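Asker: Numbering-wise, the numbering used here puts 84 at position 56 of the sequence shown, and it's gapless, one number per residue. Structure below; questions to follow.
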Amino acid sequence: MLCGEEVRIIPPGAWRQSWQNLLNNGQVGAFMEIVLHPDDYEVFLDLDPTNDEVGELINDAATRAGESLGKSSGPAPSSRRTRRR
Numbered sequence: 029m030l031c032g033e034e035v036r037i038i039p040p041g042a043w044r045q046s047w048q049n050l051l052n053n054g055q056v057g058a059f060m061e062i063v064l065h066p067d068d069y070e071v072f073l074d075l076d077p078t079n080d081e082v083g084e085l086i087n088d089a090a091t092r093a094g095e096s097l098g099k100s101s102g103p104a105p106s107s108r109r110t111r112r113r
């Protein structure tokens, strides 16, 4: 959902690194033109969403796809205890 409008977006796990680079470099319009359905890109342009609203759309897309866009939790700690001297 973008500003209350249903839009079709490619799931984040299928994004190319070059697409992600566009987003990371602030080229939100170019990024959205790639990841949104062509009809929905027109909706995006008409809505002129804020950065927060774009972030909500991306997080919603990740949640729907069962993916996390946050930082990795890192490796699990070892279950083997260190021997004390």
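A virtual CB, placed ideally from N, CA and C, is assigned to each residue, including glycine. Here the structure is a predicted model, which means the values were calculated and not measured.
(1) In angstroms with no decimal places, state the Cα-to-Cα distance between Q45 and E95.
(2) Where does I37 sit, in a helix, a strand or coil, going by DSSP?
(3) Out of E81, P40 and D80, which has the shortest C-alpha to C-alpha gap to I62?
(4) Tell me whether M29 is buried or exposed, calling it buried when 16 or more other Cβ atoms sit within 10 Å of its Cβ.
(5) Classify L50: buried if its beta carbon has 16 or more other beta carbons within 10 angstroms, exposed otherwise.
(6) Which residue marks the beginning of the alpha helix (DSSP H) containing P66, and which one marks its end?
(7) What residue from T91, I86 and A93 has the CA that sits closest to C31's CA?
Answerer: In short:
(1) What you label residue 45 is simply residue 17 of the sequence shown in a count that begins at 1. What you label residue 95 is simply residue 67 of the sequence shown in a count that begins at 1. Going by the C-alpha atoms only, they are around 16 Å apart.
(2) Counting from one through the sequence shown, the residue named residue 37 turns up at place 9. I37: strand per DSSP, three-state reduction.
(3) Within the sequence shown, the letter at position 34 stands for residue 62. Ranking the options by Cα distance to I62, first place goes to P40.
(4) Locating residue 29 in the sequence shown gives position 1, where the first residue counts as 1. Classification for M29: exposed.
(5) Numbered from 1 along the sequence shown, position 22 holds the residue referred to as residue 50. Classification of L50: buried, given that the 10 Å Cβ count is 16 or more.
(6) Position 38 of the sequence shown, counted from the start, is the residue given in the question as residue 66. Start and end: P66 to L75.
(7) For the purposes of this step, residue 31 is taken as the residue at position 3 of the sequence shown. For C31, the nearest C-alpha among the options comes from I86.
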